[in-house]
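Novice: Taken in sequence, the protein lines are chains F and V. Here this note's numbering is used: position 216 in the first sequence is 525, and no number is missing along the way. Here this note's numbering is used: position 224 in the second sequence is 225, and no number is missing along the way. Where a beta carbon is used, it is the ideal one built from N, C-alpha and C, also for glycine. Since we're looking at a predicted model, the values are computed, not measured. The structure follows.
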Amino acid sequence: MFNLKTMLMATTLAVASLGSTLAASAKDIGFVLAGPDVFYATEAETFTRLAKAAGNTVTVANSEYSPSKELANVEDFIARKVDAIVILTSKAEAGTEAAKRAKEAGIPIFFVSALPSPGGYDIPTGIVSGDWVGMGKTIGSYIGTHQPGEGVVLLEGVYGQGTTELIHQGFLDGVAAVNGGNKVVMNASGNWNRQDGLKVMQDFLAANKPFKVVYAMNEEMAAGAIQAITEAGKLGQFTIYSSNGKEIGWKWMKDGVMAGTVANPPTLEGDFVFQMVQAYFAGKPYPRHVYNIQPMLTKDNVDGAVPWNVDNYLAKKANGSLVIDLFAQKPVNGMAAWKPLGNSN
Amino acid sequence: MSTQDNVKATLPSVASQPDGWRALRFVGRGTGPLLLALILYIAVISAIAPAFLSPFNIRNVLLQVSVSGIVSIGMTIMIIAGQIDLSVGYLVSFVACVMAFLLQAGWPEAGVAVIGLLLCVAMQMVTGFVVSRLKVEPFIITLGTMAIYRGFAMLMTKGTEIPLDGKFELLGRSHVFGLPTPVYVFVGLSVAAWFVLGRTVFGRRLFAVGENGEAAFLAGVNVRNFKVRVYALHGLLAGIAALILMSRIGVGSPTMAAGLELETIAASVVGGAALAGGRGSIFGTFLGVIFLGIISNSMNIIGVSTFWQYVMLGSVVVIAVILGSLARTER
């Protein structure tokens, strides 16, 4: 009886002790999302599911693309005294200002996908971003090699974020690096969405200018472009490329509708920033800035692409067919500056 | 079509005037200046870029403006009645998401279309009921409903698109005699609305309610119920636009029609509608829709920066409002 009593007490104490240990290690994380966008939503979902599985709590706040709301969201998390903030900013300057506030309050802040302003590069505790110049270079050099000299039209993202401008810059560098001689015949913003991509592509086709290659900076705009080209009865007359490597693009490549895309899976970025935050909490050293992994995908290697679908991504990770290690990534030590851009002929 | 410019004021006088005078009056007032400005703009742009006037591009422009054109008809009717709807962009997006969700779940296309239309009409009727019974500002109420529709659309989709997987393509992607079906729907609804506003009791009451609701009430119009009918009609047109947009794009997306409210208000105002109510025309709105659509299209064709497109669009709206105000002062 004594033994049983002792055992019960010991078990109770052990459970209580384990509970308090878990409570102490469970972290409260605030995730500030730029706005309602598939890429951003996927990134937040990946991070949230991984962080929750590790015993943390995550609160996602949406800034609706408003710099003031973004700052307010960060301030709310500071007031709540969260253990860390992850921010996906829609405006570099506003994000940097928010990062300053968090730093002053002693709360670690991690940037994901988008970068701070060049002047605020050293402020964040960690950064996981797309290599936008690299993405443009990859596609530019591929087009320069496979369609040298052909006129190209660009369906670009929102101007002023920096992302579009850096991809554009990288594209020109990539074409030049392989002496492709491709000229950008027309470029305009499709605002990252399908309906504007459709409209802009219709306008490009109507302009009747000499181009054979279409590069849309994401699959949504590529979907609009493909629809416009199909409706004009011109499918097969242009070589189409995109960026991001979303599942819908895999199908287009297999069907021969699209020639290639540069992968930029948000699932991977969400995973990297999760690993970074975990390393910070554990007091382990980690690379302060890494790029997402962005290979060129074509029909030949698309079967090995990293899924955007969070369930598929986590399943692949769980069964060992996808090994994602932050610590194996090459650290980045700076960021490219960008110049404003607009349509051109 | 010119007689519809302020139906009450012009119908009796125009009928008694000689044809030449009527033509001059048309050019000098109402939609005449807008039509002249549109012709001038087209002439300048086609001189710069001959491809602008190609049949392919004319078809493009008509197709591109169809959805906003249909909603603009409803918005013009609302504005004439002294109302405004800031929620219409997210209403269209939300209803398109609902329909896409049902289609994905295997519901029959015709049933989904009816549900979409009824949903739009019902939600607008609720808004109209609140506005007319409680006498609250439509601006504030529709700002609130805009947030509600947006929130529901986001909750439903988690910010992502719902693909139709090849379903419901007929309305948005088919052609009749070489022209896309949405163009026929837009033109057909414009003609119907022009007829209703200019030739029916509903039209006369609409202008009367917008001009002076109290006087309309004293003249025997049940203003409160009439406003609910106006909202319902606007909802029906928004529902048709949602059907076409969803069919055309092939997905339901929570932001697919974001900004539509401003586009349609701008088209109505450029077409001569007065936000104070009691003034506006379907023909003017038709021209306004085409004008705004052409500006965006032509800038892309000649390769002018997106930022200049904003400046141009804004300038056209501001100039139209100033001219409208001057015309009213003159009278």
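Specify the secondary structure class of F/Y374 as computed by DSSP and reduced to three states.
Specialist: The three-state reading of DSSP puts F/Y374 in coil, since its state is none of H, G, I, E or B.
Novice: How should F/F513 be labelled, buried or exposed, when 16 other C-beta atoms within 10 angstroms of its C-beta is the threshold for buried?
Specialist: buried
Novice: With a Cβ-Cβ cutoff of 8 Å, do F/I476 and F/M510 count as a contact?
Specialist: no
Novice: Should the region 270 to 290 of chain V be called in touch with the region 153 to 160 of chain V, which here means at least 3 C-beta pairs below 8 Å?
Specialist: Judged by Cβ distances under 8 Å, the region 270 to 290 of chain V makes no contact with the region 153 to 160 of chain V, as fewer than three pairs qualify.
Novice: Please list the partners that V/K159 has in chain F, where partner means a Cβ-to-Cβ separation under 8 Å.
Specialist: A350, E354
Novice: Using the C-alpha atoms, what's the distance from V/M247 back to V/V115?
Specialist: 14 Å
Novice: Would a check of beta-carbon distances place F/M495 closer than 8 Å to chain V?
Specialist: yes
Novice: Starting from F/Q478, find everything on chain A with Cβ-Cβ shorter than 7 Å and list it in chain order.
Specialist: Absent from the structure is chain A; the protein chains it does hold are F and V.
Novice: For chain F, check one thing: does any of its Cβ atoms lie closer than 8 Å to the Cβ of V/F57?
Specialist: yes
Novice: Identify the contact partners of F/P508 in chain V, using a Cβ-Cβ distance below 7 Å as the criterion.
Specialist: The sequence given here has Lys at residue 508 of chain F, not Pro. Going along chain V in sequence order, the residues near F/K508 (Cβ under 7 Å) are Q65.
Novice: Quick one: any contact between the region 247 to 260 of chain V and the region 92 to 99 of chain V, if contact means 3 or more CB pairs under 8 Å?
Specialist: Per the Cβ contact rule, the region 247 to 260 of chain V is in contact with the region 92 to 99 of chain V (3 or more Cβ pairs under 8 Å).
Novice: Within 8 Å of any Cβ in chain V, is that where the Cβ of F/D620 sits?
Specialist: Cβ-Cβ to chain V under 8 Å: no for F/D620.
Novice: Any chance the region 533 to 543 of chain F sits against the region 496 to 511 of chain F, with 3 or more Cβ pairs inside 8 Å?
Specialist: yes
Novice: How would you list, in chain order, the residues of chain V whose beta-carbon sits under 9 Å from the beta-carbon of F/Y468?
Specialist: S306, T307, F308
Novice: Straight-line CA distance for F/N382 to F/V461?
Specialist: 41 Å
Novice: For the region 516 to 536 of chain F, which residues have a CB atom closer than 9 Å to at least one CB atom of chain V, in sequence order?
Specialist: A516, N517, K518, E529, A532, G533, Q536
Novice: Residues of the region 241 to 253 of chain V in Cβ contact with chain F at a cutoff of 9 Å, in chain order, please.
Specialist: L246, R249, I250, G251, V252
Novice: Within the same chain, show all residues whose beta-carbon is closer than 6 Å to that of F/Y430, passing over the 5 residues directly before and after it, in chain order.
Specialist: M644
Novice: What ranges does the alpha helix (DSSP H) occupy inside the region 358 to 408 of chain F, keeping only unbroken runs of at least 4 residues that lie completely in it?
Specialist: 376 to 388
Novice: If you drop the 5 nearest sequence neighbours on each side, which residues of the same chain put their C-beta closer than 7 Å to that of V/G160?
Specialist: P255
Novice: Give a yes or no on whether 8 Å exceeds the smallest Cβ distance from F/R503 to chain V.
Specialist: yes
Novice: Looking at C-alpha atoms only, which residue of F/G558, F/N371, F/P604 is the closest neighbour of F/T447?
Specialist: F/P604
Novice: Since V/C121 and V/A243 are thought to touch, with beta carbons under 8 Å apart, how far apart are those beta carbons, to the nearest angstrom?
Specialist: 7 Å
Novice: List the whole-angstrom C-beta distance separating F/K563 from F/V523, where the pair is believed to meet the contact cut-off of C-beta under 8 Å.
Specialist: So it is not a contact: roughly 19 Å between Cβ atoms.
Novice: Chain V beta carbons: is any one of them nearer than 8 Å to that of F/S262?
Specialist: Nothing can be reported for residue 262 of chain F, as the shown portion of chain F is limited to 310 through 654.
Novice: Report yes if the CB atom of F/G554 is closer than 8 Å to the CB atom of F/A525, and no otherwise.
Specialist: no
Novice: When we look at the beta-carbon of V/H235 and count the other beta-carbons within 10 Å, is it buried (16 or more) or exposed?
Specialist: Result: buried.
Novice: Using CA coordinates, which residue listed in F/D609, F/A531, F/V582, F/P640 is at the minimum distance from F/E354?
Specialist: F/V582
Novice: Nearest chain V C-beta to F/V347 closer than 8 Å, yes or no?
Specialist: The beta carbon of F/V347 falls within 8 Å of a beta carbon belonging to chain V, placing the residue at that interface.
Novice: Return no unless some Cβ of chain F is closer than 8 Å to the Cβ of V/A50.
Specialist: yes
Novice: Do F/E379 and F/V437 count as a contact pair if the criterion is CB distance below 8 Å?
Specialist: no
Novice: Using three-state DSSP, classify F/T473 as helix, strand or coil.
Specialist: helix
Novice: Within its chain, find whatever has a CB closer than 6 Å to the CB of V/N298; leave out the 5 residues flanking it on each side and keep chain order.
Specialist: V62
Novice: Give me, in chain order, the residues of the same chain whose beta-carbon lies closer than 7 Å to that of F/K336; leave out the 5 immediate sequence neighbours on both sides.
Specialist: Hits under 7 Å: N365, D392, A393, F590.
Novice: In the DSSP assignment, what are the bridge partners of F/S438?
Specialist: In the DSSP output, where bridge partners are listed per residue, F/S438 has F/S422, F/Y600.
Novice: DSSP on V/F140, reduced to helix/strand/coil?
Specialist: Of the three classes helix, strand and coil, the one that applies to V/F140 here is helix, per DSSP.
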